[in-house]
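Contents: one structure, followed by commentary.
Residue numbers (my numbering): 9 to 320.
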């Protein structure tokens with residue numbers, strides 16, 4: 009898959025099959041659309057193109073501080089690379105771009121720049137200035153500019169209509185199993201290992217403190233999770249706490265991972281942490297001794313889960 013950072017840098021002599029959207033989460037429903045796009049393009053000897061946008065339109069038009077995305081743009085790109093797409097275009101979304109009319113978008117971008125032969129879109133797709141463009145206009149423009157349009161119904165994508173909103177809700181509720189089922193992969197967090205207060209090491213559970221720089225990235229419900237990560241090309245398991253560390257009078261939320269059977273220095277490294285199972289809510293203990301006792305119980309449960317569900 010080749011990545012382009014805007015539509016103007018993309019040029020294809022070959023006709024293309026295109027899909028458009030934010031694709032936050034690249035979840036099961038998105039995967040159905042992309043799979044259809046890639047399959048049909050190959051069958052017709054065409055190139056498959058996914059056009060997405062960053063920043064998210066709400067980040068530009070509404071300055072929405074509450075916006076939470078399932079993926080960073082890097083995560084989204086990495087997930088899309090696994091789908092078999094030929095081209096990914098990440099077009100910068102700006103206020104100026106938001107004023108592009110539906111006609112201009114179709115004529116100037118889809119037709120003149122992407123050389124579109126067929127457009128495959130999800131159910132109820134809107135585009136262009138004030139989201140004025142819809143399936144009716146797309147159909148009209150397709151006759152005018154000689155390309156085909158196919159809308160995938162909600163029922164065809166999934167019987168329960170998988171949506172990023174449902175996945176976000178599940179993650180906030182600690183319902184990780186539902187979220188991961190909808191996603192079709194383990195929800196992930198990416199960040200750099202930074203210095204912490206080293207309390208974990210003092211109580212026998214040294215942790216890697218993960219700093220996530222993207223403020224728009226969704227952080228799941230506070231609590232303890234079973235996780236996995238590739239460290240030095242090896243799959244390593246562990247448990248992670250998201251929370252304010254009330255037992256040690258923490259003042260802000262942290263993300264701390266204790267890896268099982270792994271003792272190497274990770275400071276400064278960027279890690280991808282996959283969340284596999286929600287163990288329990290965060291809790292304040294009356295003493296460090298009680299916290300250590302609970303951590304030992306957590307580790308026992310986590311190792312059993314890993315043995316029975318994650319290790320081949």
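All residues carry an ideal CB built from backbone N, CA and C; glycine is no exception.
Margin query: Here's a check: name, in chain order, each residue in its chain whose Cβ is nearer than 6 Å to the Cβ of residue 117, leaving out the five neighbours to either side.
Written below: 15
Next item on the list: Determine the closest residue to residue 78 out of 231, 114, 204, 196, with distance taken between C-alpha atoms.
Entry: 196
Next item on the list: List the endpoints of the continuous beta strand (DSSP E) containing residue 267.
Entry: 262-267
Note to self: Can you tell me whether residue 188 is buried or exposed? The criterion is at least 16 other CB atoms within 10 Å of its CB, across all chains shown.
What the structure shows: Burial of residue 188 is indicated by the presence of at least 16 other C-beta atoms within 10 angstroms of its C-beta.
Next item on the list: Flag this pair as touching only if the stretch 267-275 and the stretch 178-192 have three or more C-beta atom pairs under 8 Å; answer yes or no.
Entry: no
Margin query: Out of 304, 220, 231, which one is the CA nearest neighbour of residue 287?
Written below: 231
Item checked: Endpoints, the alpha helix (DSSP H) within which residue 1 is located -> As displayed, the chain neither begins before 9 nor continues past 320, which places residue 1 out of reach and without an answer.
Margin query: Assuming the contact rule is C-beta atoms closer than 8 Å, residue 57 and residue 26 should be a hit. Round their C-beta distance to whole Å, please.
Written below: That belief holds up - the Cβ atoms of residue 57 and residue 26 are roughly 5 Å apart, short of 8 Å.
Note to self: For residue 304 and residue 22, what's the separation of their Cα atoms in angstroms?
What the structure shows: 60 Å
Check: Run through DSSP, which three-state label would residue 133 get?
Finding: DSSP, reduced to helix, strand and coil, places residue 133 outside both helices and strands of the structure shown, so it counts as coil.
Checklist line | Residues of its chain near residue 282, where Cβ-Cβ distance is below 7 Å and the 5 sequence neighbours each way are ignored | finding: Closer than 7 Å at the Cβ level, and outside the excluded window around residue 282, lie 194, 196, 235, 236, 237.
Next item on the list: Verify the contact flag: residue 153, CB atom, against every heavy atom of the ligand FMN, threshold strictly below 8 Å.
Entry: Absence of the ligand FMN from the depicted structure is noted, as is the absence of any ligand whatsoever, leaving it without description.
Next item on the list: Using the DSSP secondary-structure output, state which residues sit across from residue 200 in a beta bridge.
Entry: According to DSSP, which records beta bridges pairwise, residue 200 is partnered with 219, 278.
Item checked: Among 289, 252, 270, 220, the one whose alpha carbon lies nearest that of residue 233 -> 289
Check: Taking the DSSP output, what are the residues bridged to residue 16?
Finding: Beta-bridge partners of residue 16 (DSSP): none assigned.
Check: Around the Cβ of residue 53, are there at least 16 other Cβ atoms within 10 angstroms (buried) or fewer (exposed)?
Finding: exposed
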